[in-house]
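Okay, so here's the structure we're looking at.
Residue numbers (our numbering), protein chains in the order written: chain W, 17 to 327; chain R, -17 to 195.
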């Protein structure tokens, strides 16, 4: 069993994407940074979609009531076991009574804690991922609180390994996102394109698993005609009338009426979960074909380490 | 009517938008694409649909070719899912805490409001906003009331609301800003069913009054 001592800003259980229900208004959820979560799970010998803890910005701390192997990946942060530093991106054995602390993120926004056993959390429509606005999945459909206890079953003994250095994503607070023009791209004025592609914008405090608001030095102007609600997805960049675009994340709503100007390419979507308030964000325009090339190149690099690709 | 290149556009490297088809054909196409099991998601917008595919399995041009080769849309009406769903609604009281206020706002008696809703030929525009929330159009224009000034933090599953000239049904409990005039007796959400949500875009709907007794 794992006891939450301090849940920090927001800690949820995430697992696989809740797939195939978007047409009923049910978002996919799952980790905001699926690459980091799959790397955490790899270190404890688990599939990419095994339920794990997603920590936000301030970190969190836990007490273990039984022996298990753990790993921490994602946002760069100090990790300590009973007060002594332990590495990220490595399998770490813990025993009953041990306390693990993940300090506030130095770079990036979300860390993942995986364990070599199955977290006993609830499934909803085929996924154990927490969707907070709907109150389903994970632990009682909500963010964890101090005092929560999560049962762990089927504990496996696994080899102690480390993520190969070249496969550890590095996060900093200057985020470059490759994106393709979307339905209303043509209505962005020239200055708006300068802001998005050259000057960059700053992530504001309006940031959650649903989306991240961006603010430039000037409003991002988009003169699209009024539009009817249209499907949106994680990675969609919408531009509301006040000129502050927002990027949708894992818990993105399924439809939206704001102009959809860019779509972050599938290769770069894991980075969305690591944009912290105050980070600089700039876009690079790509064609769908270039995007497909980049995705393939990356998964070739990971294919020896991860058993199945995660997007 | 077959899908042509003019109807589709790529969004990024894993999404294809389909537009420019009459709405009933768009809905039928979306249902057929979902039923094919070949696409990760097929999501209805009001005037478009977006199809998501696995970008590692298909390159953008391959996905477009695959979509264009999907079989032509069936004749409208041949689809069983287009048959009308009858929603049994208990109006007023604790089932519809805003029923009285909505009648007053519209200057209708309770019976007149119920009859206006039950006589209307309704159709689900889209399911979204929150999981399982169905926007249902087809009410007479006169039945237009604003949303609540203060949204409720908790609306019970099955709640039947009316706002901005539409009806709305809450399949799951959650926050909501629509004036609530009743409760649907049918189970709008049942995770045990193959299709867990009762309503989907394009579905025709008729409301039947269910009395408490």
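Think of the CB as a built atom: it goes at the ideal place given N, C-alpha and C, for glycine as much as any other residue. Being a predicted model, the structure only gives us computed values, none of them experimental.
{"Query": "Three or more C-beta pairs below 8 Å linking the segment 124 to 133 of chain R and the segment 166 to 176 of chain R", "Result": "no"}
{"Query": "Chain-order list of residues whose beta-carbon lies under 6 Å from that of residue 12 of chain R (same chain, five-residue window excluded)", "Result": "24, 26, 31"}
{"Query": "Chain W contact for residue 156 of chain R (CB, 8 Å cutoff)", "Result": "yes"}
{"Query": "Listed by chain order, chain R residues near residue 270 of chain W by CB distance under 7 Å", "Result": "25, 110"}
{"Query": "Three-way DSSP call (helix, strand, coil) for residue -11 of chain R in this model", "Result": "helix"}
{"Query": "Proximity winner among W/207, W/46, W/38, relative to residue 71 of chain W (alpha-carbon distances)", "Result": "W/46"}
{"Query": "Per-residue burial, residue 153 of chain W [other beta carbons within 10 Å of its own, 16 or more giving buried]", "Result": "buried"}
{"Query": "Residue 319 of chain W vs residue 64 of chain W beta-carbon contact at 8 Å", "Result": "no"}
{"Query": "Residue 325 of chain W: contacting residues in chain R (beta-carbon distance under 9 Å)", "Result": "38"}
{"Query": "Cutoff 8 Å; reference residue 34 of chain W; Cβ partners in own chain excluding five residues on either side", "Result": "42, 43, 44, 45, 46, 140, 141, 142, 143, 145, 147, 153"}
{"Query": "Residue from W/253, W/50, W/200 with nearest C-alpha to residue 69 of chain W", "Result": "W/50"}
{"Query": "Cβ-based burial, residue 317 of chain W [other Cβ within 10 Å; buried from 16]", "Result": "exposed"}
{"Query": "Interfacial residues, the segment 165 to 194 of chain R to chain W, with Cβ spacing under 8 Å", "Result": "173, 178, 179, 182, 183"}
{"Query": "Sheet register partners of residue 137 of chain W (DSSP bridge)", "Result": "In DSSP, residue 137 of chain W forms no bridge with anything."}
{"Query": "The segment -4 to 3 of chain R touching the segment 168 to 181 of chain R, judged by at least three CB pairs closer than 8 Å", "Result": "no"}
{"Query": "Cβ-based burial, residue 60 of chain R [other Cβ within 10 Å; buried from 16]", "Result": "In this predicted model, residue 60 of chain R has a pLDDT of only 48, less than 50, meaning its place in the structure is not dependable; the value taken from the coordinates is given anyway. Answer is exposed; the Cβ neighbour count stays below 16."}
{"Query": "Residue 98 of chain W burial status per 10 Å Cβ neighbour count (16 or more: buried)", "Result": "exposed"}
{"Query": "is_contact[residue 289 of chain W, chain R] using C-beta, thresh 8 Å", "Result": "no"}
{"Query": "Identity of the residue in R/7, R/36, R/14 nearest residue 28 of chain R by Cα", "Result": "R/7"}
{"Query": "Distance between residue 92 of chain R and residue 48 of chain W (C-alpha atoms, nearest Å)", "Result": "48 Å"}
{"Query": "Range of the contiguous alpha helix (DSSP H) that encloses residue 85 of chain R", "Result": "81 to 88"}
{"Query": "Listed by chain order, chain R residues near residue 238 of chain W by CB distance under 9 Å", "Result": "Per Cβ cutoff of 9 Å: no residues; residue 238 of chain W is ~16 Å from chain R at best."}
{"Query": "Continuous beta strand (DSSP E) stretch holding residue 22 of chain W: start and end", "Result": "18 to 22"}
{"Query": "Beta carbon proximity, residue 59 of chain R to chain W, threshold 8 Å", "Result": "Confidence at residue 59 of chain R is low in this model, with a pLDDT of 47, below 50, so its placement is unreliable and the value that follows should be read with caution. Output row for residue 59 of chain R: interface = no."}
{"Query": "Contact set between residue 121 of chain R and chain W, taken where Cβ atoms lie within less than 7 Å", "Result": "Under the 7 Å cutoff, chain W gives no residues; its nearest Cβ is about 18 Å from residue 121 of chain R."}
{"Query": "Which residues DSSP lists as bridging residue 230 of chain W, in chain order", "Result": "W/219"}
{"Query": "Beta-carbon neighbours of residue 41 of chain R, restricted to chain B and to distances below 8 Å", "Result": "The structure shown has no chain B; the protein chains it does contain are W and R."}
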